[in-house]
Structure formats: C-alpha cells, structure tokens
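**Student:**
Number of protein chains: 2
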Amino acid sequence: MRRRRSPDEPDEASEASEAGEAKDTGHRPSRRAALLGGSGLLGAVGLAGGFAAGQAVADDSDEGHPTVFDLYGTHQPGISTPVQDRLHFAAFDVTTASRDELIEMLREWTKAAERLMHGDSAGPVGPTSGDYRMPPDDTGEAIGLPPSRLTLTFGFGPSLFTDEEGVDRFDLAGRRPTMLAPLPHFPEDALDPERSNGDLCVQACADDPQVAVHAIRNLARIGFGTVRMRWSQLGFGKTSSTTTGEETPRNLFGFKDGTMNITADEDAELDEHVWVSPEDDPGADWLAGGSYLAVRRINMRIETWDRQPLGAQEEFIGRTKGGGAPLSGGKEHSQPDFDMEGSTGPVMPQDSHVRLVHPSHNGGARILRRGYNFVDGSSALGDLDAGLFFLAYVRDPDRQFIPMQNAMAKSDAMMEYLKFTGSALFAIPPGARKGEYIGQALFT
Amino acid sequence: MRRRRSPDEPDEASEASEAGEAKDTGHRPSRRAALLGGSGLLGAVGLAGGFAAGQAVADDSDEGHPTVFDLYGTHQPGISTPVQDRLHFAAFDVTTASRDELIEMLREWTKAAERLMHGDSAGPVGPTSGDYRMPPDDTGEAIGLPPSRLTLTFGFGPSLFTDEEGVDRFDLAGRRPTMLAPLPHFPEDALDPERSNGDLCVQACADDPQVAVHAIRNLARIGFGTVRMRWSQLGFGKTSSTTTGEETPRNLFGFKDGTMNITADEDAELDEHVWVSPEDDPGADWLAGGSYLAVRRINMRIETWDRQPLGAQEEFIGRTKGGGAPLSGGKEHSQPDFDMEGSTGPVMPQDSHVRLVHPSHNGGARILRRGYNFVDGSSALGDLDAGLFFLAYVRDPDRQFIPMQNAMAKSDAMMEYLKFTGSALFAIPPGARKGEYIGQALFT
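If you read the protein sequences in the order shown, they are chains A and B.
In terms of the UniProt record's numbering, the first sequence is residues 1 to 444.
In terms of the UniProt record's numbering, the second sequence is residues 1 to 444.
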C-alpha cells in the first residue's frame with residue numbers, strides 16, 4: 001500500500017479530484033442515482049407484491065421483461081425467472097474451518113446480492129465515495145450500468161457437507177440431502193478437476209456480461225479469507241427459451257436444442273419437476289422450495305461437426321436445422337412421432353438426441369435448462385475451445401438427470417462430437433425471506 | 001460420415017423435415033430474409049455513397065449507429081468505425097506452402113466477410129437450404145440474428161513474410177514493411193507463445209457475441225486446409241469510446257482509461273497517427289491507407305488491486321475513479337496539469353499511468369485504441385484470469401507504440417498489477433475495392 005492520503009494533510013490533489021468528480025457526475029445518472037430515482041416504484045411494487053417467487057420489482061423495459069428482480073421469495077431468482085443473455089458462473093471452496101465465519105459470509109453475500117441485483121454497488125459506501133485511505137467496497141466497473149436483469153443464485157456442493165477426506169467441517173453432514181452426492185463418472189467424461197465440483201456455487205445471469213462479472217468478482221472479494229474461487233465460466237449466448245412458444249435460441253451446432261424442456265411459465269411442471277417438496281427428503285427439509293443444479297461443461301468438436309452433411313446433422317439431432325421441427329414433421333414444438341417409419345428405418349433415428357432424452361423414453365422426466373454457449377479461446381490443435389455450458393435444475397437428480405445423461409452417453413449419435421470437461425452437482429436452497437440469509441434453514 | 005441420404009431414395013423423413021421447415025420459417029424473418037427485405041435501402045445508399053471508408057450502408061438503430069457496415073472502402077472497417085460491445089479476435093498460421101492457395105483463401109474470406117457483415121450466411125447456400133448430402137456452407141448459430149454492426153478486419157503478421165526459420169514461403173519477403181517486426185521483449189512480459197503472434201489475424205467486433213463468434217468460426221471453416229487457428233480471444237466489454245465527448249467505458253480496474261486516445265471522428269488525427277501514408281515506407285506501398293495493429297493481452301491482478309485504498313488506485317492511474325477527471329482537476333476530457341504541486345509532490349504523480357503515456361511525454365504520439373475486457377475463467381490460485389485485451393492501431397509502431405510500452409513497463413505504478421501474457425503486431429492492409437480481395441495489393 002502506497003502514498004496513503006493522511007486525513008491531517010488534505011492536499012490540492014484530493015480537493016481538485018473531488019471537485020472534478022462532482023462536475024463529472026453531475027451530467028449523468030450514476031449507478032446509484034439511477035437506482036434512487038426509481039426507488040418510489042421499487043418500494044411501491046415491493047409492498048404490493050409481498051412475498052413471491054423471484055418476482056420482478058420493476059418493469060420498464062420495452063420487451064416486457066422486468067429490469068430488476070427480487071432476491072427474496074419462495075424460490076431463488078435465476079431458476080424460473082426469464083433467462084438472460086449472459087452468464088458468469090463460479091464455484092468456490094471454503095477455506096475457513098469456522099462455521100461461524102461461513103455463516104457470516106453468507107450473510108454478507110446475501111446483503112451484497114440484494115444490492116447488486118438492484119443495480120447498486122456491492123457495499124453501502126460504493127466504488128468512489130469512501131475514505132481515500134481504504135479500499136472501496138465496490139470495484140467500480142459497473143458504475144453507470146443499469147441493473148441488466150441480474151440474478152444471483154447460490155448453491156451448496158456435496159463437499160460442503162462432507163469433504164473429500166470424509167470430514168464434517170461445518171457440522172452439516174447430518175443434514176446432507178440424500179441425492180446430493182458427486183455425479184457418477186459417465187461414458188465420454190474427460191473431466192478437468194479444475195473445472196469440476198466445489199463447496200459453493202454462484203450463478204450470475206444478466207443481459208450485460210460486465211454486470212454479471214462485476215457481481216461474481218465482488219462476491220469473491222467479500223469472501224476473501226473465507227472462500228477461494230475454484231473455477232469460473234463465462235457464457236455468452238443463452239440457449240434456452242423463457243416462455244412457451246418463444247423462439248428457442250441456437251447452440252453452437254447451429255440447432256435449436258432443449259425445445260422440450262420446462263419453461264418458466266409452466267407452474268405445475270415446475271412443482272412436479274423442479275422444486276423440492278418437503279416430503280422428498282425428510283432429513284433435509286431445509287431444501288424444500290429449493291432444487292438441484294446439475295452442471296456440465298460440454299465441449300463441442302465443432303470443426304468436425306461442421307464437415308458433416310446437413311442431413312446427417314439433422315439425423316443426429318432428430319430435428320430440422322432451419323425451423324427446429326422434429327424430423328417426423330410439424331413445427332418446433334410439435335411432439336415427435338417416434339413410430340413413423342421411413343424407407344431406411346424410423347424417421348426419428350434410434351440414436352437421435354431428441355429420441356434419447358425425450359421424456360417418453362425417460363420415465364416422464366423433464367428438466368429446466370439454462371444452457372449457455374461458450375468459447376474460451378482455442379486449443380493447441382487449432383480447434384475452438386467451445387461448446388455448451390449446461391445447467392439443469394431438477395427436483396430429483398437420481399431420477400431426472402443421471403438416467404438421461406447415461407442414456408445419452410451410451411447411445412446418442414451426437415456424442416461423437418461432444419467431450420464433457422466439467423461437472424458438478426449442487427443443492428440450491430429455497431429463496432430467503434427479507435432479513436434472512438441465503439441457505440439459513442440449513443444452519444438453524 | 002453416416003446415414004447419407006441418397007438422392008435416389010428420397011424418404012419420408014426428408015419430405016417431412018422440409019415440410020416442417022417451410023412451416024416453421026414462414027412466421028418469422030430468417031437471417032437472409034431480413035436482409036433481403038432491406039436490400040433496397042442497402043442498394044440505394046451503396047450507390048449514393050460510392051467508395052468511402054468503412055462506411056455505414058444502413059442506419060435504422062435508435063442510437064444513431066449504423067446496423068450494417070460496408071467491407072469495402074479506403075480503409076478497412078473496424079478501425080475508425082464506431083466501437084461495438086463484443087470482440088472475437090483470432091490469429092491464424094498458414095499451413096499451405098502454396099501462394100495461390102493463400103490468395104484463393106483471401107478471396108474466399110473477402111466474399112464471406114462481405115456476406116457476414118450484411119447479416120447474411122457465410123456462403124451463398126446458407127445453413128439449411130443446401131444439398132442434404134453436403135455440409136452446409138454456414139454453421140447456423142446466427143440464423144435469425146441481426147447483422148449486429150459486425151465488422152471484420154484482417155491483418156498480416158511478420159511471419160507471413162519471413163517465417164521463424166527465415167524462409168520466404170510466399171515470395172513476400174521483399175515487400176515486408178520495415179516496421180513489421182516481432183515486438184521486442186518488454187519488462188514484465190510473461191508471454192504465452194500460444195497467445196502470441198500469427199501469420200494472419202481477424203478482428204471480429206459486433207454488438208452480439210454470437211455474431212462475432214459465428215464470423216470467426218466460419219472464416220476458420222473456410223480456411224480449413226490453408227490456415228489453422230493459432231489462438232483466439234473473446235472480449236465482452238469495450239473499454240474505448242467512439243466519438244469525442246462520449247462516455248468512456250470502464251476497464252476491470254473500475255476506471256475510465258484511454259480517455260486521451262484518438263476517436264473515430266478526429267479525421268486529421270487519424271491521418272496523422274493511424275493511416276499509413278504512401279511515403280512512409282516506399283518498399284511497402286501496398287500498405288498505404290492501412291495501419292499497424294499492436295495486440296497485447298494484459299492480465300490484471302484484480303484481487304490485489306481491489307485491496308488497494310481508493311486514493312492509491314487514483315494515484316496509480318492519475319484520474320479520479322468516479323468521473324475520470326485528471327487528479328489536477330477539471331472533467332474527464334480536461335488536459336492534466338503535470339506541473340501542479342501538491343503537499344507531497346506533483347498532484348499527477350511521476351509514476352501515474354496518465355502521465356507516462358500522455359502524448360506530451362511521448363513525442364506527441366497518440367494511438368487509436370480498441371480495448372476489450374476479458375475474463376477467461378480463473379487460475380489454480382483462485383484468481384480470475386481477467387484483464388484487458390488491448391488493441392492499438394498506429395501509423396508507426398516504432399515511434400507510437402514501442403516507446404510508450406517501454407515507458408509504461410519501466411516506470412508505471414500500475415505495472416505492479418499487470419502481467420502481459422500475449423503479444424502480436426500485424427500490418428493492416430487498406431480497405432479493398434469491390435471486386436478486389438483484402439490485401440490484394442500485397443500480392444500484385
């Protein structure tokens with residue numbers, strides 16, 4: 001630390017800089033000022049809306065999507081709320097041995113998450129208005145940026161409950177959900193341990209990547225000394241649609257994928273397939289209203305894929321590349337006809353992706369998916385390090401995720417073009433009530 | 001390759017899929033249809049505007065920024081055209097020994113670049129309407145996305161002229177610009193050879209990252225067998241403003257940086273500092289109207305930075321963090337007063353970044369900068385692999401870039417928080433005329 005300004009010797013520099021800054025910020029709304037200007041609206045809707053799931057507290061965007069989500073509610077935001085365009089996902093390991101320090105950090109994270117999702121600075125002082133002798137409590141790169149529909153979603157990995165040596169560090173082993181176990185090794189897994197697992201996770205989704213990155217970075221800063229980032233992943237393009245009938249975005253194979261998955265407006269389906277019910281796991285009742293998040297970093301061999309004939313690509317997937325309709329006909333959201341015969345076998349090939357992961361071949365299991373395209377530079381062979389960062393929210397990973405992943409890994413024609421390089425499973429606690437911290441029921 | 005559809009045995013599957021597709025695409029404009037719908041406008045402006053520098057050919061955005069740029073003009077687009085939000089930059093090595101194959105690929109790249117910048121598919125057939133037995137000539141992930149102000153900018157590295165063994169592979173050594181030499185080793189360089197140099201480069205900038213990625217990927221696909229991608233880098237947040245007076249975006253230190261650099265509307269400054277003049281290098285007259293691009297991947301030690309006091313951060317930079325005014329006072333674009341004395345020395349510290357790189361301390365040299373923030377996951381130590389991907393366009397790297405980089409590396413207070421992990425220099429040929437290919441003057 002260098003050249004601290006002593007409070008006893010104010011110099012021309014600090015006076016000048018403060019004057020300059022006041023002038024500068026006078027002609028545009030700051031990140032904070034922009035928020036305060038809308039606080040009447042926020043307050044009013046907050047009062048009227050009361051306690052609801054990941055609910056929007058302000059809506060002035062022209063697409064009808066809310067610009068600000070509420071951290072508090074029955075469920076955490078970022079699961080059944082509308083999918084944003086950009087992702088920064090981070091997994092952390094807890095470095096303290098103190099349960100109290102872990103809880104204190106979760107309290108701090110909760111307060112910061114509420115502020116960040118409203119477009120405010122991570123801490124109450126902010127990036128520029130604090131004591132010049134102290135580090136700011138916000139890093140500043142989001143000054144002037146709108147809230148950008150930021151959602152922050154927190155989860156607990158198996159190792160938080162019992163670490164790799166079997167140690168119960170935080171007196172939590174007795175409350176570990178039965179299904180919260182490390183995912184099994186699947187065929188074609190080539191996992192990088194530095195891209196897998198973790199004690200905690202934070203999913204930051206926003207319309208502006210700088211806002212998502214700013215949130216993760218500030219949570220990491222707040223957690224310094226308590227947690228260490230284990231890995232993180234940016235995603236630049238959402239591959240999941242938000243509501244029934246909305247156009248499904250495309251993955252890096254150029255296809256619409258995940259068309260059959262649950263959308264945010266299917267309340268009955270969410271209750272059946274996503275939200276954990278109190279009776280699901282009586283020993284882990286703290287998870288009721290929460291979910292499980294299966295994370296898979298899926299590298300695509302896109303250079304090889306791009307050399308396949310259009311017809312072969314469509315048969316691998318089981319959909320047309322243009323409109324995304326099943327090869328058996330109809331439109332994107334039409335149900336495939338798996339019995340339709342063509343001249344050389346089923347029109348929906350036996351090893352097509354759509355057939356293998358379809359609910360009718362998986363005991364009715366459906367998932368809620370938040371997938372993001374990623375490109376992380378290129379490999380030494382000249383291939384793009386690119387693919388799909390797959391995030392699936394499910395009520396029961398043993399029934400909904402693991403069998404589907406096994407069926408896909410064993411038989412899916414698309415597997416030739418995939419390599420699984422990262423993997424994790426997290427328990428996602430329910431939403432917090434105002435005044436609580438995220439995951440509080442686990443610790444009480 | 002599997003399950004090709006034989007042309008002699010059309011089956012129900014292909015009929016069904018075509019029917020499905022026709023229905024599907026009927027209710028929304030395809031990427032191609034969207035373009036054709038606007039072709040009257042494009043054509044009219046193209047005729048009226050004639051031959052001008054990286055000029056916009058359609059403008060219907062609400063920010064007054066054109067949505068489509070022209071590939072053809074005096075200068076390449078992507079240099080003095082307005083800065084977009086997202087970047088995919090790729091460096092390639094030429095793998096063929098044939099000059100003719102290299103030229104043929106540049107022809108193909110030029111045709112594809114024109115199509116891509118107009119929001120069209122990379123090839124004339126497109127992602128979905130070709131022969132089912134053939135790979136499509138576009139990869140499809142940009143179907144339905146607007147042109148997103150895509151610009152593609154091409155460059156030639158020193159190794160294209162004389163490779164590392166001194167071999168003149170393509171009979172170009174005699175036309176190598178004098179200043180096109182590998183950048184020297186600077187203090188604090190910790191360069192990764194897999195993130196440095198390259199025979200060719202392509203800068204893709206767009207408002208949508210999926211559009212930039214799609215462009216680079218399709219150029220790589222077209223170049224298969226002729227070039228191999230050496231490295232590539234995504235950037236998610238621009239850090240450079242476009243026009244005088246526009247708000248400067250923030251880097252990951254949370255500061256506005258590059259405020260003093262040339263903006264796209266300073267024509268006289270562009271002529272003086274960016275565009276190569278015919279008399280600059282008579283042995284390389286093909287470069288007249290072009291420029292040089294210095295590329296530096298700058299990792300920021302942001303976790304350490306975040307623990308520095310606000311006052312120290314401001315003194316490292318020489319600006320206020322809030323408004324970005326020089327510490328000597330004024331507003332963001334005010335000239336710093338390097339002579340102003342504070343109680344403990346100059347108000348603008350001797351080792352402040354702004355002082356060291358200011359034109360008045362660098363023989364009047366200015367640069368045109370297109371910097372992008374990046375986060376590429378995190379390191380094994382738990383730090384974000386994050387920083388600034390610095391792109392500087394200059395007329396004379398020996399005078400404008402190298403001395404500035406040396407001054408910074410030797411004395412800049414900010415250097416404690418930086419690590420340079422990638423580096424390259426490219427010659428950027430002038431814009432092509434319609435019917436020419438990019439860089440044609442080099443080969444004729």
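Quick reminder that beta carbons are idealized off the backbone N, C-alpha and C, glycines included.
Since the model is a prediction, treat every value here as computed from it, not as a measurement.
1. Using a C-beta cutoff of 8 Å, does B:E101 count as contacting chain A?
2. What residue from A:R370, A:S129, A:V202 has the CA that sits closest to A:L152's CA?
3. Once the 5 residues before and after A:W286 are set aside, which same chain residues still bring their CB inside 6 Å of it?
4. Looking at A:G258 and A:S240, is the spacing between their C-beta atoms short of 8 Å?
5. Whole angstroms is fine: what's the gap from A:M348's alpha carbon to A:K331's?
6. To the nearest angstrom, how far is it from the Cα of A:P66 to the Cα of A:G198?
7. Quick one: does B:I298 have its CB under 8 Å from some CB of chain A?
8. Tell me, please, whether the CB atom of A:Q335 is closer than 8 Å to any CB atom in chain B?
9. Since B:F170 and B:R99 should fall inside the 8 Å C-beta cutoff, what is the C-beta to C-beta distance between them, to a whole number of angstroms?
10. When you compare only the Cα positions, how much space is there between B:T178 and B:L200?
11. Quick one: any contact between the stretch 372-380 of chain B and the stretch 316-325 of chain B, if contact means 3 or more CB pairs under 8 Å?
12. Using a Cβ cut-off of 7 Å, pull out every chain A residue sitting near B:K321, in sequence order please.
13. Find out if the Cβ-Cβ distance for the pair A:P254, A:P429 is shorter than 8 Å.
14. Please name the residue or residues paired with A:A206 in a DSSP beta bridge.
15. Would you decide whether B:H185 is buried or exposed? Buried here means 16 or more other CB atoms lie within 10 Å of its CB.
16. Count the other CB atoms within 10 Å of the CB of A:D398; is the residue buried (16 or more) or exposed (fewer)?
17. From B:T421, B:N362, B:A424, pick the residue whose C-alpha is nearest to that of B:P403; which is it?
18. Whose C-beta lies closer than 7 Å to the C-beta of B:E194 among residues of the same chain, with five residues either side of it excluded?
19. Using 8 Å as the limit for Cβ to Cβ distance, is B:Y437 near chain A?
20. Three or more beta-carbon pairs under 8 Å between the stretch 293-301 of chain B and the stretch 124-134 of chain A, yes or no?
21. For B:G157, does the count of other Cβ atoms within 10 angstroms reach 16, so buried, or fall short, so exposed?
22. Can you tell me which of A:H88, A:L87, A:M105, A:R86 puts its alpha carbon nearest to the alpha carbon of A:T95?
23. How far does the beta strand (DSSP E) with residue 446 of chain A in it reach, from first residue to last?
24. State yes or no: is the C-beta of B:F390 within less than 8 Å of the C-beta of B:G155?
25. At 4 residues or longer, what runs of the alpha helix (DSSP H) sit wholly inside the stretch 111-178 of chain B?
26. Could I get the ranges of all uninterrupted beta strand (DSSP E) runs contained in the stretch 271-305 of chain A, with 3 residues as the minimum, in chain order?
27. Quick one: measure Cβ to Cβ for A:Y393 and A:V274, integer angstroms, because I've assumed they're closer than 8 Å.
28. Looking at A:S121: is its Cβ nearer than 8 Å to the Cβ of A:A206?
29. Could you give the C-beta distance for A:I143 and B:R250, rounded to a whole number, given that I count them as a contact under 8 Å?
30. Kindly say whether A:S378, judged by its beta-carbon, lies nearer than 8 Å to any beta-carbon of chain B.
31. Check this for me: beta carbons of A:A90 and A:I216, under 8 Å apart or not?
32. So which residues of chain B does A:M134 contact, with C-beta pairs closer than 8 Å?
33. Below 6 Å CB to CB, which residues in the same chain sit around A:L388 once its five sequence neighbours on both sides are set aside?
34. Compile a chain-ordered list of the residues in the stretch 348-370 of chain A whose CB is closer than 9 Å to at least one CB of chain B.
35. Can you tell which of B:S196, B:P187, B:T344, B:I222 has the C-alpha that lies nearest to the C-alpha of B:P135?
**Tutor:** Checking against the coordinates, here is how it stands:
1. no
2. A:V202
3. A441, L442
4. yes
5. 15 Å
6. 31 Å
7. Put simply, the CB of B:I298 is far from chain A, with every gap to its CB atoms at 8 Å or more.
8. no
9. 4 Å
10. 18 Å
11. no
12. P127, T128, G140
13. It should be noted that the sequence gives Gly, not Pro, for residue 254 of chain A. Contact flag unset, no.
14. The bridge partners DSSP lists for A:A206 are A:R86.
15. Classification of B:H185: exposed, given that the 10 Å Cβ count is below 16.
16. exposed
17. B:N362
18. W231
19. Cβ-Cβ to chain A under 8 Å: no for B:Y437.
20. no
21. Buried, by the Cβ-count rule.
22. A:M105
23. The structure shown does not extend to residue 446 of chain A, since chain A is modelled only from 1 to 444, so the question has no answer here.
24. no
25. 158-161
26. 291-300
27. 5 Å
28. Taking 8 Å as the Cβ cut-off, A:S121 and A:A206 do not qualify as a contacting pair.
29. By a beta-carbon distance limit of 8 Å, A:I143 contacts B:R250. Their separation comes to about 6 Å.
30. yes
31. Taking a C-beta distance under 8 Å as the contact criterion, A:A90 and A:I216 qualify as a contact pair.
32. At a beta-carbon threshold of 8 Å, the residues of chain B lying near A:M134 are P309, L310, ordered along the chain.
33. N251, I298, G371
34. Contact residues of the stretch 348-370 of chain A toward chain B are M348, P349 (C-beta to C-beta distance below 9 Å).
35. B:I222
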